[in-house]
Amino acid sequence: MRRKPVVPVLAAFTAILGRMTFWVAGRKVPVLLSVLLFAVSASAADKEEEDTAYNLYKVRCALCHYVERPEVKFGPSLKDLFKRENLSNGKPVNEQNVSEWIANGSANMPAFRYTLNQKEIQLVVSYVKGDLGKPSSR
Amino acid sequence: MNARRKSYGFVFLLAWAGIAWIGDLQAAGPISISGKVAGPEGTLEGAYVAAHAAGSTILRYVMTDSSGQYAFRGLPAGAYEVYTQIPGFQKARKENVAVRPGKAPVADFRVEVETDPRQRVEQASNSELLESFPGTKAQKEGLFSRCDGCHGAYYFAKSRFTRNDWLLIIGMMKSSVTTPVGDIAPPILRNRVQASRERGEEEYFTTEQKGAPNSDDGLADYLSEIRGPNSPEIQVQFQPRATGAVTRAVVTEYLLPRRGSTPHDEQLDPNGRYVWYNDWKFNYLGRIEKTTGEIKEYPIPGTDHPEGFLSLMWDNQGNLWAGQLWSGRAVRFNTKLEKFTGAWMVPQEWARTGTVGVCRTMTHPDGPVWIDDALTGNAWNINPETGKFTVREKQLKGSRFVCDSKGNIYSLGRGKILKTEPGTKKVTVYNIPSGPHADPHRLTLDGDENVWWGDWDGAKIGYLDTKTGKMMEFPGLSPWSRMYNAVGDSVRKVGYAVPHVTDRVVKADAKTGQVTEFPLPSRGHQVRVLDIDMSTNPPTIWFVSQRNSRIVSFQEYTQ
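Protein chains in written order, with the numbering used here: chain E, 3 to 140; chain V, 80 to 638.
So, in structure tokens, the structure goes:
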């Protein structure tokens, strides 16, 4: 059986990319290094976003809601919220409806639209959904 | 030996002692990075500059002197990010400032005034925020008395709600059953728990007076006025920056890497190498190597109740003892083996046992380990060998006592310090000079076994000379402060406190009565227990920055 030339192709690709350069901040930077730098800075930005999401949840939501336990605190648990079908107002659970609930509040929950901007509400939703920023525990 | 040789020998001894002493002062090392900080109107004195090496857990700060110059000394070689952190000014930063042996780079900064009111709120201390809030003194006092015990004014300054929503939030916060930080175990209802005062505890905030500014409605009125949907932004006025000797301090922050770290207590290891800490919200104990910043954390088994610790005390066998809050247990950790070695659960279905105290000699006749439940005020002695719990009188509260080398126990009460002798249990009462409303919160013993304490409501450092019974109190200088604890330097007769969210180090000289406050670079610390390292010259003060997930040290310098 003829072997697929994966390794030689990858080697050639790397060699070609290694000789290519970008201009970054007024300096020539090899493509591979650029990719690496981009990956590192993207990773740092992700971490910052995760930290922000976690801290927003901790300050704005954790007083009243558990997200890791099923019990009621002051408000219902948010554990597995996005696995449920409906919110308690009957609307389907999705990012838009959860965002609106956070923004507008309810009889037992303050409205956060004067305190949090749209991006911050989106980060909180992402945190509750499990996409961002869980505490680093065992 | 003739007289000349003797005098030469004496001079040599003096010189050696002097060099050794100067060596201590010079131990900070040669200059690593230096520079000047200037704003639009010239150089800035008392401006903090930070240096952080990539990947390090250590963040160091120094302040500029009267010519706007700063200097970091003794930094390990590496590439540093250096930036300014000055209330009222935008951050300026330089990256990849390379420190190498024999090379001390210069990093000068030109900073611009910060005009964004929301950024200025981020830069303000609690004192500065409350002073800057519009409103009457009575309104601010209402806020301070009902809310500031748990968190600073930062949360109000960063929030906007309608009046109804402020009232909703106040209602939720005040219904928390213990320290009201949202730490509620599900089956516990408020009406099953005694009020703090009934069970002999101090309260973190005063009770509301109906119709008064500190009533629920009074607070909601005030907050909706200054932090409603359309309220103008807070215009922050900053305190003057430090000058002169107050700029001569080094602050080191250790950045705890685990997201969510909420340290409550720290304790220095007697071996001088480490500082240990617990976590208020998670079942971890942690250890920091002071020199390298290496941080190691130890997961501690718990129960299925919410996690976290409060209190951290040494015995004389290298064990740390901590109160495992909702697990209702006293936990022992062997620091030499780096191993959890036991937990003793109080004989009560639900308990919040944050206050564990240890008589370090482990030979107190009543049992060496003491533990309280914050829900009911029940208290026990524990014999770890037999596992026996002995109910004891509620007068002596867990972490609100210290045990001296003779087994005398010093504890706190409203307006007084109590000494209880072992065996006879004879009690001596020391009445605090400022009167029955004095609010001692936590206490420590210095190297001469004199007592230092923090007055929570009164924002004072307190001192009791246990040989003479003489007592002194030293009020802090910044308004809107609360002092959780104080530590003492027995050699210089100086006490230190770091008020809860005031972002200052307070130093009180018991010989002269002088009080000095040093600003800290970070904001909203939420400081609890302090420790003092007497092996450094001058001593180093250690404390947590709970809100920022850091352990902090502060040291003056004279170089």
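The beta carbon of each residue, even a glycine, is placed where N, CA and C say it ideally should be.
All figures in this text were calculated on a predicted structure; none of them were measured in a lab.
- Close to V:Ser-204, with beta-carbon spacing below 8 Å, lies no residue of chain E; the smallest spacing is near 18 Å.
- Any Cβ of chain E closer than 7 Å to the Cβ of V:Ile-248 would place that residue at the interface, and such an atom is present.
- Boundaries of the alpha helix (DSSP H) around E:Asn-99: 97-106.
- Distances from the alpha-carbon of V:Val-573 to those of V:Tyr-542, V:Gly-548 and V:Leu-599 put V:Tyr-542 closest.
- Residue contact check for E:Pro-112 against chain V: a CB pair falls below 7 Å.
- Annotation: Cβ neighbours of E:Thr-117 in chain V (cutoff 8 Å, chain order): Lys-237, Ser-238, Arg-239 and Phe-240.
- In the three-state scheme derived from DSSP, where H, G and I count as helix and E and B as strand, V:Pro-447 is classed as coil.
- Per the DSSP secondary-structure output, V:Trp-393 pairs in a beta bridge with V:Leu-399.
- For V:Ala-217, the uninterrupted alpha helix (DSSP H) segment begins and ends at 216-226.
- For V:Arg-338, a Cβ of chain E is located within less than 7 Å of the residue's own Cβ.
- When 9 Å is used as the limit between beta carbons, V:Asp-394 is near no residue of chain E, the shortest such separation being about 27 Å.
- Counting C-beta atoms within 10 angstroms of its own C-beta, V:Asp-534 has 16 or more neighbours from the protein chains shown and is therefore classed as buried.
- The Cβ-Cβ distance between V:Gly-147 and V:Lys-115 falls below 7 Å.
- Remark: C-beta atoms of V:Arg-561 and V:Pro-578 approach each other more closely than 7 Å.
- Here E:Asn-91 is exposed: its Cβ has fewer than 16 other Cβ atoms, across all protein chains shown, within 10 Å.
- Under the Cβ criterion of 7 Å, E:Tyr-59 is not counted among the residues facing chain V.
- Taking a beta-carbon distance threshold of 7 Å, V:Met-551 does not count as an interface residue toward chain E.
- For V:Lys-586, there is no enclosing alpha helix (DSSP H); the residue is found in the beta strand (DSSP E) stretching over 583-588.
- In the DSSP assignment, V:Phe-188 is bridged to V:Val-116.
- Among the residues of chain E, none has a CB under 8 Å from the CB of V:Asp-483; the nearest is roughly 38 Å distant.
- For V:Thr-465, the closest alpha carbon among the candidates V:Ile-374, V:Gly-446, V:Asp-452 and V:Ala-291 is that of V:Gly-446.
- Taking a 10 Å sphere around the C-beta of V:Ser-557, we find 16 or more other C-beta atoms and assign the residue as buried.
- When Cβ-Cβ separations below 7 Å define contact, E:Tyr-129 makes no contact with chain V.
- At a cut-off of 7 Å between C-beta atoms, E:Phe-76 counts as an interface residue with respect to chain V.
- Secondary structure of V:Ala-132 (DSSP, three-state): strand.
- V:Asp-525 and V:Lys-586 have their C-alpha atoms roughly 15 Å apart.
- For V:Met-424, the beta-bridge partners assigned by DSSP are V:Arg-408.
- Contact check between the stretch 594-611 of chain V and the stretch 620-627 of chain V: three or more CB pairs, one atom from each, fall below 8 Å, which counts as touching.
- Contact between V:Thr-414 and V:Leu-399 holds, since their C-beta atoms are separated by about 6 Å, short of 8 Å.
- Taking a cut-off of 8 Å on C-beta distances, the stretch 221-240 of chain V touches the stretch 301-316 of chain V, as three or more cross pairs fall below it.
- In the displayed model, V:Trp-245 falls within a helix according to three-state DSSP.
- One thing to note: E:Leu-58 has its Cβ within 7 Å of the Cβ of E:Val-126.
- Inter-residue distance for V:Gly-214 and V:Leu-599 is about 27 Å (C-alpha atoms, whole angstroms).
- The distance from the Cβ of V:Glu-345 to that of V:Tyr-356 is about 4 Å, consistent with a contact at the 8 Å cut-off.
- Within chain E, no C-beta atom comes nearer than 7 Å to that of V:Pro-342; the closest sits roughly 14 Å away.
- Residue-level contact by beta carbon holds for V:Met-251 and chain E, with a gap shorter than 7 Å.
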